[in-house]
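> Anchor point for the sequence shown: position 158 equals 454 in the working numbering, and the numbering is continuous, going up by one each time. Structure incoming, see below.
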Amino acid sequence: MAVNKCIKYLLFIFNLLFWMSGCVILGVSIYLKVNPVFGGLLPGLNLLIAVGTIITVLGFLGCFGAIRESRVMLMMFFVGLLLVFILLVISGILGAVGVKKIEEWLTEKLLPLRNQSSVFQTFMQTVEKQGKCCGLINGPSDWGSTVPASCYCHGTTQECKLADGRHEVYLRPCIKLVTSVMVKGTFITLGIAFGIAVLMIFGMAFAMTLYCQIGETYDTLT
297 MAVNKCIKYL LFIFNLLFWM SGCVILGVSI YLKVNPVFGG LLPGLNLLIA
347 VGTIITVLGF LGCFGAIRES RVMLMMFFVG LLLVFILLVI SGILGAVGVK
397 KIEEWLTEKL LPLRNQSSVF QTFMQTVEKQ GKCCGLINGP SDWGSTVPAS
447 CYCHGTTQEC KLADGRHEVY LRPCIKLVTS VMVKGTFITL GIAFGIAVLM
497 IFGMAFAMTL YCQIGETYDT LT
């Protein structure tokens, strides 16, 4: 039985797309990881970085194995895909659980705000200006005794209070706005991971089919 050329080249094209997808998931994960505002807060990012790296390697391995019709490389590719699929499932579970615990992590890692990096404080002040809110979880008290000007009330219907004897500040905390940003980043990463997982199922099917066809061809020739 001859090797099906259609499957062979479909596997090659799949692996080319797979390699490109690996680059995307690696790039997004690294971006979220090194982000000065949220780096280190989102769960599963280290795992996704590892997965993205492995995917780029497997994409090359699958392309080469398909073109050269190498059973060894195809089997390595299949096993590698299976392992990465399992890692993606684990990463997805971590990410899904993390979405529910974001507020907990924010409270634990980001309060009090005055102790955070200048980059994060600048980010919070931008959120406060745009969202007409103050603080992260508890309101102005998250800043301690010194409340930044970004919390000052300016012609708004939001509830305010006098903070330092001179300025009125927003009472509403910014937790919903900040959480929405983090959740969006998490769901983007999980969406990419899910798309990769679907591609991997097809890849494993193509790889095993081609592997079996190469074996049957070899048996026929011998």
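By construction, the Cβ of each residue, glycine as well, lies at the ideal position given by its N, Cα and C atoms. Owing to the predicted nature of the structure, the values given are computational and were not obtained by experimental measurement.
1) Rounded to the nearest angstrom, what separates I326 and C319 at their Cα positions?
2) In angstroms, rounded to a whole number, what distance separates the CA positions of A459 and L473?
3) Going by DSSP in three states, C429 sits in which element: helix, strand or coil?
4) Which residue comes first and which comes last in the beta strand (DSSP E) that contains V443?
5) With a CB to CB cut of under 6 Å and the five nearest residues on each side skipped, what residues in its chain are close to C430?
6) Short check: CB of G499 to CB of F356, under 8 Å?
7) Just tell me which of G491, S414 and Q412 has its CA closest to the CA of I321.
8) For T422 and F381, what's the separation of their Cα atoms in angstroms?
9) Whole angstroms are fine: how far does the CA of S476 sit from the CA of F308?
10) Distance, Cα to Cα, L341 vs R462?
11) In terms of residue numbering, what span does the beta strand (DSSP E) encompassing C302 cover?
12) Please report the straight-line C-alpha distance between V415 and Q509, rounded to a whole angstrom.
13) Since L458 is in the beta strand (DSSP E), which residue starts that stretch and which ends it?
14) Where does E365 fall in DSSP's three states?
15) When the Cα of T442 is compared with those of G358, N411 and M316, which residue comes out closest?
16) One question on the structure: do F360 and Y507 come within less than 8 Å of each other, judged by their Cβ atoms?
17) Tell whether a beta-carbon distance below 8 Å holds between L343 and L383.
18) Just how far apart, CA to CA, sit K428 and Q417?
19) Could you give the C-beta distance for G358 and F314, rounded to a whole number, given that I count them as a contact under 8 Å?
Short version:
1) One C-alpha to the other measures close to 10 Å.
2) Roughly 22 Å separates the two Cα atoms.
3) DSSP places C429 in the coil class of the three-state scheme, outside both helix and strand.
4) For V443, there is no enclosing beta strand (DSSP E), as DSSP marks it with neither H nor E.
5) Listed in chain order, the non-local C-beta contacts of C430 below 6 Å within the same chain comprise E424, P436, C447, V465 and Y466, local neighbours out to five positions each way being set aside.
6) Contact: no.
7) Closest option to I321, judged by alpha-carbon separation, among G491, S414 and Q412: G491.
8) Rounded to whole angstroms, T422 to F381 spans 39 Å at the Cα level.
9) If you take the alpha carbons of F308 and S476, they lie about 39 Å apart.
10) Roughly 44 Å separates the two Cα atoms.
11) Not the beta strand (DSSP E): C302 falls in the alpha helix (DSSP H), residues K301 to V330.
12) About 57 Å.
13) Taken as a continuous stretch (DSSP letters only), the beta strand (DSSP E) holding L458 covers C456 to L458.
14) Three-state result, E365: coil.
15) Ranking the options by Cα distance to T442, first place goes to N411.
16) Going by C-beta atoms, F360 is not nearer than 8 Å to Y507.
17) In contact: L343 and L383 (Cβ atoms closer than 8 Å).
18) Going by C-alpha positions, K428 is about 16 Å away from Q417.
19) Contact holds; Cβ gap of about 7 Å.
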